[in-house]
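**Student:**
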Amino acid sequence: MNPLSIFREFLLLGVTAFGGPTAHIGFFRERFVEKLQWVKDEDFADTLALCQFLPGPASSQLGFAIGWKQAGWPGAFAAWLGFTLPSALLMTLIGIGVAKFADIGNAGWLMGLQIAVVVVIFKAVLQMAKSLCPDRTTTLIAMGAAAFMLWNGVPFAQLIVIAAGAILGFFLLKNADSTGLGHRPNRVTSGTQQGMVVGGVCLALFFAGLFGLPLLAKQSDVLALFSSMYQAGALVFGGGHVVLPLIADQVVADSAWLDESQFMAGYGAAQAM
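Counting with the working numbering, you get residues 109 to 381 for the letters of the sequence shown.
(1) Determine the burial state of V344: buried for a count of at least 16 other Cβ atoms within 10 Å of its Cβ, exposed for fewer.
(2) Please classify P194: does DSSP put it in a helix, a strand, or coil?
(3) Would the stretch 152 to 163 count as touching the stretch 133 to 142 if we require 3 or more Cβ pairs under 8 Å?
(4) Return the chain-ordered list of same chain residues with a C-beta closer than 6 Å to the C-beta of S167, the five sequence neighbours on each side being excluded.
(5) Can you tell me whether A186 is buried or exposed, with buried defined as 16 or more other CB within 10 angstroms of its CB?
(6) Output needed for L162: all residues of its chain with C-beta closer than 7 Å, excluding positions within five of it in sequence on either side, in chain order.
(7) Kindly indicate which residue of T246, G307 and L366 has the alpha-carbon position closest to the one of F278.
(8) Determine the direct distance from the alpha carbon of A325 to that of L333, and round the result to whole angstroms.
(9) First and last residue of the alpha helix (DSSP H) that includes V330?
(10) Counting along the chain, where does the alpha helix (DSSP H) carrying A407 start and finish?
(11) Using CA coordinates, which residue listed in G341, Q302 and D329 is at the minimum distance from L318?
(12) Just to confirm, are A179 and C159 a CB contact at a threshold of 8 Å?
(13) From G164, L112, L119 and L144, pick the residue whose C-alpha is nearest to that of F314; which is it?
(14) Given this structure, state the Cα-to-Cα distance separating A49 from A255, to the nearest angstrom.
(15) Looking at the secondary structure, which residues open and close the alpha helix (DSSP H) in which Q160 lies?
(16) Below 8 Å between beta carbons: does that hold for L193 and L121?
(17) Only counting the same chain, and skipping five residues up and downstream in sequence, which positions put a Cβ closer than 6 Å to that of Q327?
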């Protein structure tokens, strides 16, 4: 597939998909599974499960994976660029002029937008529930996971839920048919060995950045900023609201790059993207 076509589709979503990663996933499924049929529903569910297990924004990772499936690395880059570019440009413009803006962190129109986004997320959850929870067993697993996640105060709750879901699925969903989330044939291709090499290199780079960047952070403000954002992206699971306190500690409390009103203004603007 032409990477330009992938860029166009993700650019369209980049300018219309509001609501954060959870809502984005619903938009992705509606566009790429139901309408364009780029991805099968079961492959979408598998990729989503993997992205939820990884740190960082699940929707960006999912879009990257869909682009890679269609056109390899050029497709992955096109998907990432198209989906990220609109909000990146707008936030850059806001960042340049944020010192001149009033505090918009608690603006009424932003709060109203966040309330409306709840409906978008709820619609996405209902759509995915129909295909991901087709029977009583999968429904009970999902309900149990939801109940556990709503119980606050448990460190790394998302990782615990994902691990428990994998264990329960291994024992309880062995005989599920191909329309559900049961076992599917293992797909081994000639590129498996090459993929393992690439994966090993990427994993090594991940840990090199995780432990090496803090050592280089004192060399310049640019490296310090990059290290702070890398640490936030590498260590936090659960999306933007979870990563927010860590970023605030890095850029407000520790480094004093922003004051609290500027930080909240930026966060309020991000909610409108």
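No residue lacks a Cβ here, since even glycine has one placed at the ideal position from N, Cα and C.
**Tutor:** Taking the structure as given:
(1) buried
(2) helix
(3) yes
(4) P129, H132 and I133
(5) buried
(6) Q169
(7) T246
(8) 8 Å
(9) D329 to L343
(10) There is no way to answer for residue 407, as the model of the chain reaches only from 109 to 381.
(11) G341
(12) no
(13) G164
(14) Here the chain covers residues 109 to 381 and nothing more, so residue 49 does not appear.
(15) D149 to F161
(16) no
(17) none
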